[in-house]
DNA sequence: GTACAATCGGAACCAGAGTTCCGGTTCCGG
DNA sequence: CCGGAACCGGAACTCTGGTTCCGATTGTAC
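Chains as they are written, first to last, in my numbering: chain A, 93 to 290; chain B, 93 to 290.
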C-alpha cells in the first residue's frame, strides 16, 4: 500500500496567472465579438487581452471552442431573463418582457446573433445546456393559456423569430424596437390585440 | 478626311464563344450560390460551368462583381413580383401576395438572403437600380389606404422584415410560411385582422 | 485558307487568418 | 531561495480560397 498522502489530487490547480489570463481573454473576446461578430480575429483578441495568441490557444484550443464558450455564457443570460419573466404575474406582460429583453441582448452582441442564424451546431448544445426550450415553452404556454398569445404559436417559433430579428441589426436604419413590436402584435391573440387598442 | 468606312465601330462585338461562356458562368454561379450561399467557390462555379477559372475572371473581374451581377438579376425578379402585385385589385391581397412571393424567392436563394442581411453595399445599388423602394412604397401605401395594413408601417420596414425572414431559412425546422403569416398578422391593421376572423 | 486578335484553361501565385512551436519567463512548493 | 513544471509571447508555418499570368486555342475578318 502506498501511503495515502502521496496520491496527488488528479485535478492540478491552475496557476494564478493562467486563471487571470483566461479571464482577460474571455473579456476581450466578448467585447470584440460583440462589436465585430464572429469574424473578429484571434490576433486582435489577444492584443486586447494583453497576451500573445499562444496564450489564447492555451486556454481555447481552437477559435470555435472560444466561440462556444462565449455562446454558453450568453445563453445563461437568456436563461436568467426567462426566469425573471416567469416571476412576473401577468402572463402576457411576462411574455412581452421576455421577448423584448432577449431582443435587446441580441442587439448588443453581433456574435450571438450570428451564432443563432448560422451556427446551429454551436447554438443547440448551448441552448440545451440551460434548458432554453423548456423555459420558452413555459413562458409561452402561460401566455397562451391566459389568452394573450395566439394558440397556434409553438415554442420553437420563438427562437426562430429571434433569429429573424438578429438579421436586422445591421441594416442602415434598423429600429429593432419597431420590428419587435410588429412581431409581438403578430403573435398576440386576436382578443388580446383588440383589448390593447381600447 | 479619313474615309468613313475605315472608322471601326467603337463597340467591339463580343465573340460568340465568349458570350456563350458568360451565360454558362452566370447560370452555374446562380445555381451554386442559391444552394451554398456567397461562400460558394469560384473554382467550383468554373467547374460547373465547364470552363476554367480564368474564364470566369475574364467576365467578372472579381468575385464581388459576380455576386453583384446576380443580385441585380434577383432584384429584377423582385421588381416583377411587385408589378404583378400592383395589378391585383384588392390592395390587401396584393400586399400579402407581394410579401409571400418575395419570401419564397428568398427561400430559394441563400445567396440573396445573405446579400440582404450582410451586404448593404451590394444590395442598395441593386435595389435602387430597379426602384425597389418606390415600388414597395406603392404596394404598401395602397394597402394602408385601404385599411388593410397598419398605418405606422413604413416602406423601409418591408425590406427589413424580409431581411429578418432571410435569417430563418437555415434553422433545423423552419417553416417559413408560418413566420410570414405571423409577420403579416403583425402588419395588419387591427380592423383587418378582426375582419379576417369572421 | 490564313492571320491575328480575342478568348480560354488551369497551374502558379498571393494574402489573410487560424494554428503551432519553442526559447524565455514566471509562479509555487519545498 | 531554488528547481522545475506550467505558462507566456509572438515569429513562423499552414491551409484556404481569391486572383493573376501566359502559352495554347479558337472565332472571325479578309
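Heads up, the beta-carbon is just placed ideally off N, CA and C, and yes, glycines get one too.
Only a predicted model underlies this, so the values are computations on that prediction, with no experimental measurement involved.
For residue i, which of helix, strand or coil comes out of DSSP?
{"i": "residue 246 of chain A", "result": "coil"}
{"i": "residue 107 of chain A", "result": "coil"}
{"i": "residue 241 of chain A", "result": "strand"}
{"i": "residue 127 of chain B", "result": "helix"}
{"i": "residue 280 of chain A", "result": "strand"}
{"i": "residue 132 of chain A", "result": "coil"}
{"i": "residue 100 of chain A", "result": "Residue placement at residue 100 of chain A cannot be trusted, given a pLDDT of 41 that sits under 50; the coordinates are not used to answer."}
{"i": "residue 233 of chain B", "result": "helix"}
{"i": "residue 165 of chain B", "result": "helix"}
{"i": "residue 190 of chain B", "result": "helix"}
{"i": "residue 117 of chain B", "result": "helix"}
{"i": "residue 142 of chain B", "result": "coil"}
{"i": "residue 223 of chain B", "result": "coil"}
{"i": "residue 95 of chain B", "result": "Low confidence applies to residue 95 of chain B: its pLDDT is 44, below 50, so where it sits in the model is not reliable, and the reading given next is rough at best. Correct three-state label for residue 95 of chain B: coil."}
{"i": "residue 288 of chain B", "result": "helix"}
{"i": "residue 171 of chain A", "result": "helix"}
{"i": "residue 180 of chain B", "result": "coil"}
{"i": "residue 267 of chain B", "result": "coil"}
{"i": "residue 154 of chain B", "result": "coil"}
How many Å lie between residue i and residue j at the Cα?
{"i": "residue 179 of chain A", "j": "residue 242 of chain A", "result": "21 Å"}
{"i": "residue 187 of chain B", "j": "residue 236 of chain B", "result": "9 Å"}
{"i": "residue 190 of chain A", "j": "residue 177 of chain A", "result": "6 Å"}
{"i": "residue 131 of chain B", "j": "residue 172 of chain B", "result": "27 Å"}
{"i": "residue 226 of chain A", "j": "residue 245 of chain A", "result": "15 Å"}
{"i": "residue 154 of chain A", "j": "residue 202 of chain A", "result": "20 Å"}
{"i": "residue 126 of chain A", "j": "residue 175 of chain A", "result": "24 Å"}
{"i": "residue 107 of chain B", "j": "residue 223 of chain B", "result": "33 Å"}
{"i": "residue 213 of chain B", "j": "residue 110 of chain A", "result": "43 Å"}
{"i": "residue 157 of chain B", "j": "residue 128 of chain B", "result": "18 Å"}
{"i": "residue 115 of chain B", "j": "residue 137 of chain A", "result": "44 Å"}
{"i": "residue 152 of chain B", "j": "residue 139 of chain B", "result": "16 Å"}
{"i": "residue 148 of chain A", "j": "residue 217 of chain B", "result": "41 Å"}
{"i": "residue 231 of chain A", "j": "residue 240 of chain A", "result": "11 Å"}
{"i": "residue 163 of chain B", "j": "residue 229 of chain B", "result": "21 Å"}
{"i": "residue 184 of chain A", "j": "residue 206 of chain B", "result": "34 Å"}
{"i": "residue 150 of chain B", "j": "residue 112 of chain B", "result": "13 Å"}
{"i": "residue 284 of chain A", "j": "residue 275 of chain A", "result": "14 Å"}
{"i": "residue 117 of chain A", "j": "residue 197 of chain A", "result": "21 Å"}
{"i": "residue 287 of chain A", "j": "residue 253 of chain A", "result": "24 Å"}
{"i": "residue 168 of chain B", "j": "residue 135 of chain A", "result": "42 Å"}
{"i": "residue 215 of chain B", "j": "residue 260 of chain B", "result": "19 Å"}
{"i": "residue 221 of chain A", "j": "residue 221 of chain B", "result": "47 Å"}
Buried or exposed: where does residue i fall if 16 or more other Cβ atoms within 10 Å of its Cβ makes it buried?
{"i": "residue 281 of chain A", "result": "buried"}
{"i": "residue 160 of chain B", "result": "buried"}
{"i": "residue 142 of chain B", "result": "exposed"}
{"i": "residue 105 of chain A", "result": "exposed"}
{"i": "residue 208 of chain A", "result": "buried"}
{"i": "residue 277 of chain A", "result": "buried"}
{"i": "residue 289 of chain A", "result": "exposed"}
{"i": "residue 249 of chain A", "result": "buried"}
{"i": "residue 251 of chain A", "result": "buried"}
{"i": "residue 124 of chain A", "result": "buried"}
{"i": "residue 133 of chain B", "result": "exposed"}
{"i": "residue 219 of chain B", "result": "buried"}
{"i": "residue 94 of chain B", "result": "Because the pLDDT of residue 94 of chain B is 40, which lies under 50, any placement of that residue in the model is unreliable, and the question is left without a value."}
Comparing alpha-carbon positions, which option in the options lies nearest residue i?
{"i": "residue 270 of chain A", "options": "A/185, A/233 and A/192", "result": "A/192"}
{"i": "residue 120 of chain B", "options": "B/279, B/213, B/145 and B/288", "result": "B/145"}
{"i": "residue 273 of chain A", "options": "B/125, B/279 and B/111", "result": "B/279"}
{"i": "residue 170 of chain B", "options": "B/140, B/195 and B/106", "result": "B/195"}
{"i": "residue 258 of chain B", "options": "B/228, B/247 and B/204", "result": "B/204"}
{"i": "residue 210 of chain B", "options": "B/166, B/135, B/255 and B/199", "result": "B/255"}
{"i": "residue 267 of chain A", "options": "A/221, A/199, A/151 and A/137", "result": "A/199"}
{"i": "residue 247 of chain B", "options": "B/185, B/139, B/233 and B/287", "result": "B/233"}
{"i": "residue 181 of chain A", "options": "A/150, A/168, A/238 and A/218", "result": "A/238"}
{"i": "residue 122 of chain A", "options": "A/260, A/283, A/166 and A/112", "result": "A/166"}
Does the distance between the C-beta of residue i and the nearest non-hydrogen atom of the ligand MN fall short of 7 Å?
{"i": "residue 169 of chain B", "result": "What this structure holds is no ligand at all, so the ligand MN is not there to describe."}
Enumerate, from N- to C-terminal direction, the unbroken alpha helix (DSSP H) stretches of 4 or more residues contained entirely within the segment 196-222 of chain B.
If one requires a minimum length of 4 residues, the alpha helix (DSSP H) runs lying completely within the segment 196-222 of chain B are 202-210 and 212-221, in chain order.
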